[in-house]
Amino acid sequence: MLELLRIQNYALIDNLEVEFKPGLNALTGETGAGKSIIIGALNLVLGARASNETVRDGADRARIEAVFRLSKLSRRLKALLDEFDVPIENGELMVARTVTSDGKSRAHAGGTLLPLNALAQLGDELVDLHGQHDHQSLLIPERQLDLLDGFAGADAAVSALAGMVSNLRSLEKSIAELESDDRERARRIEFLKFEVSEINAANLQPGEEEEVRSRRNLITNAEQIYTTAARAYQALYESDGDAAIDKIDVSLSAVSELNAIDSRFAALAESLGALRANAQDISAELRGFTEAVEYDPQELDDLNRRLSQIADLKRKFGDSIDAILAYRDNAIAEIERFDSRDQQLASMRREHAKRLESANEQAEAISLKRRAAAMKLDKKITGALQELGMKGGTLETRFEQTALTKSGIDRAEFLLSANPGERPKPLRQVASGGEISRVMLAIKTVLAGADRIPTLIFDEIDAGVGGAVANKVAQRLRDLSATHQTICITHLPQIAAAASAHFTVEKGTAKGRTLTRVQFLEPTERTKEVARLLDGSLTDVSLKHAEELLRANR
0 MLELLRIQNY ALIDNLEVEF KPGLNALTGE TGAGKSIIIG ALNLVLGARA
50 SNETVRDGAD RARIEAVFRL SKLSRRLKAL LDEFDVPIEN GELMVARTVT
100 SDGKSRAHAG GTLLPLNALA QLGDELVDLH GQHDHQSLLI PERQLDLLDG
150 FAGADAAVSA LAGMVSNLRS LEKSIAELES DDRERARRIE FLKFEVSEIN
200 AANLQPGEEE EVRSRRNLIT NAEQIYTTAA RAYQALYESD GDAAIDKIDV
250 SLSAVSELNA IDSRFAALAE SLGALRANAQ DISAELRGFT EAVEYDPQEL
300 DDLNRRLSQI ADLKRKFGDS IDAILAYRDN AIAEIERFDS RDQQLASMRR
350 EHAKRLESAN EQAEAISLKR RAAAMKLDKK ITGALQELGM KGGTLETRFE
400 QTALTKSGID RAEFLLSANP GERPKPLRQV ASGGEISRVM LAIKTVLAGA
450 DRIPTLIFDE IDAGVGGAVA NKVAQRLRDL SATHQTICIT HLPQIAAAAS
500 AHFTVEKGTA KGRTLTRVQF LEPTERTKEV ARLLDGSLTD VSLKHAEELL
550 RANR
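Using numbering that gives the first Met the number 0, read the sequence shown as starting at 0 and increasing by one per residue.
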């Protein structure tokens, strides 16, 4: 509910606070006192566009604050609060709007800065304002469909459908992403297969590059290796008695003789024997080098080409043979993943068809439920219109089938025929403020249980109303206020007397400036105000009549 409205420097208001009550709140006052200015300020804080006359003369800015007590949050309101990151503190939400004299505007909700369209969306879920104002969410067909769902008891089914459609759209997005990648995916697969084929054709082996380089080095230096190894072999083994091994033999023979005389030479003899054996081994290896090495230009050319091939692959795929082979393995794995995506896409398409069928069945069931409920609703609202003085007025719900959305396959709109024989028109085309207010009152009272907007405001609801119809309007407002906070600007004593809280709006002057003031009426003042509404003046008869009217509404 709307707990507090604070207005500063707006139109004729310098500084004003109104603490509204639960139930039915009536605002009365002389014509021109500023009642509609208060509603205009509230309309502004709910997201309406500001005009050049918004800021009070002499002030640099106007500020309007509205404090709401929210014990329960509708699904739509909760979603908006989450979307705009607006906090609720201790069950309260303060909405504020500041407009400067040069037309600039800033809006906040719960301390969060909001763009105007976001403020208007929040306002639609906090207050329904009916009269010559823009803020009438019930004129929006989507809102009418929500109310019809509440009346039909279809809220749970629609909520379930919304989840189904949300999942369906998410799946469609995933499918579209996979499908849109088909051409690029085909190019990628072809490229990967080409790279894998190129690497496989090279038949690389781990450690191969080092072996090839070593062999190339051997062949490149074959002549030098041969001559040098041969020279070393000859010096060690083949020098006609001058070879190193011959000299070792001479030394070994002499030491062996000494060892026969003195055993202390045994170790030396053993060492010389080992030296001779090592010399023989070295000689054999050197001879092997001279026999094995051969300069082969064709093999050298083959080795150079192989190293060039390895270098080219390293430039493309990695800095070593191991890295190249790892790249190939990753490419093969990626190709396999791409192949599995085809299977995944087929599976997703089957799942989509199944989910779409389920969602359509749910939407069809909801549509049937809506159309059956609409027939009952039209009859009830038409009866309420007759009761509120719109003789011959009828309301009917028109349906159009749409593509599947989160709310189903229906577009529903309330059409009003205000007079017999008149073509039904959408509610938003009803021109009269008083007429639309009574239509809204009829709809609201019939749909009270389905309407989740906590605060309802009626302006000009009593235009052209009197007598028995005035009593009916008052009773309807009072009934409605049992489930919704209701604020009504009125000239009717019946409505004022039915209210649980009564405020007067007065125009006065201070320091040569016109001001608008609002006063909460205590019992004595309230009796006088109701008497004024009854007779236009205070007389014993009007005061007595006012007391009786107030007593009847206790």
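Just so it is clear, CB atoms sit at the ideal spot from N, CA and C, and this is done for glycine as well.
Asked	Found
When you compare the CB of A156 with every CB in chain B, is at least one pair closer than 8 Å?	No chain B appears in this structure, which consists of one protein chain only.
Output the distance between the C-alpha atoms of D295 and F288, rounded to the nearest integer angstrom.	15 Å
Would you check if the distance between the CB atom of A545 and the CB atom of T526 is smaller than 8 Å?	yes
Considering Cα atoms alone, identify which of K405, E505 and L376 is closest to G149.	L376
Which residues in the same chain have their Cβ closer than 7 Å to the Cβ of P140, if we skip the five residues on either side of it in sequence?	R410, A411 and E412
Does DSSP put R553 in a helix, a strand or coil?	coil
Name the DSSP beta bridge partners of K554, please?	In the structure displayed, the chain extends from 0 to 553; residue 554 sits before or after that span and is not available.
S366 lies in the alpha helix (DSSP H); which residues open and close that run?	I320 to E386
Jot down the residue ranges of each uninterrupted beta strand (DSSP E) in the region 472 to 505, minimum 3 residues, whole runs only, in chain order.	484 to 488
According to DSSP, is D261 helix, strand or coil?	coil
Per DSSP, what kind of secondary structure is H134 in: helix, strand or coil?	Its pLDDT being 48, under 50, H134 is placed unreliably by the model, and nothing is read from it.
Measuring straight from C-alpha to C-alpha, what distance separates A153 and I365?	7 Å
Just checking, does the region 115 to 130 make contact with the region 469 to 478 on the three C-beta pairs under 8 Å criterion?	no
Could you give the residue range of the alpha helix (DSSP H) that holds A201?	D181 to A201
Any idea if R48 is buried or exposed, counting beta-carbon neighbours within 10 angstroms, 16 or more meaning buried?	exposed
With a 10 Å radius around its C-beta and 16 neighbouring C-beta atoms as the bar for buried, classify L4 as buried or exposed.	buried
Exposed or buried, S70, counting other C-beta atoms within 10 Å across all chains shown (16 or more means buried)?	exposed
Between L549 and A496, is the Cβ-Cβ spacing less than 8 Å?	yes
With the cut-off set at 8 Å, would you say D458 and I488 are in Cβ contact?	yes
In chain order, what residues of the same chain lie with their CB nearer than 6 Å to the CB of L491, ignoring the 5 residues before and after it?	D461 and A469
Could you tell me if I323 is buried or exposed, where buried requires 16 or more neighbouring beta carbons within 10 angstroms of its beta carbon?	buried
Grab the span of the beta strand (DSSP E) containing L150 for me, first residue to last.	For clarity, residue 150 is Phe in the given sequence; the question names Leu instead. From DSSP, F150 is part of no beta strand (DSSP E) but of the alpha helix (DSSP H) over P140 to A151.
For the beta strand (DSSP E) that contains F398, what are its first and last residues?	T393 to T404
Using the Cα positions of A259 and A268, report the straight-line distance between them to the nearest angstrom.	10 Å
Among the candidates L128, R531, A58 and A159, whose CA atom is the shortest distance from the CA of K405?	A159
Can you list, in chain order, the residues of its chain with a C-beta nearer than 6 Å to that of V17? Leave out the 5 residues immediately preceding and following it.	L4 and V517
Identify the continuous beta strand (DSSP E) that holds N8 and give its terminal residues.	L1 to Y9
Pick from E189, K506 and R215: whose alpha carbon is nearest that of Q297?	R215
When the Cα atoms are used, what is the spatial distance from D133 to Q343?	Low local confidence applies: a pLDDT of 48 at D133 is under 50, so the model's placement there is unreliable, with the coordinate-based value given in what follows. Looking at the two C-alpha atoms, the distance is approximately 51 Å.
Answer with buried or exposed for L1, where buried requires no fewer than 16 other C-beta atoms within 10 angstroms of its C-beta.	buried
Tell me where the alpha helix (DSSP H) around S100 begins and ends.	That residue, S100, is in no alpha helix (DSSP H); it is neither H nor E in DSSP.
Does the distance from the CB of V54 to the CB of S100 come in under 8 Å?	yes
Work out the CA separation of M439 and L542 for me, nearest whole Å.	32 Å
List the whole-angstrom C-beta distance separating N8 from R96, where the pair is believed to meet the contact cut-off of C-beta under 8 Å.	With 8 Å as the limit, N8 and R96 do not qualify as a contact, their Cβ atoms being about 12 Å apart.
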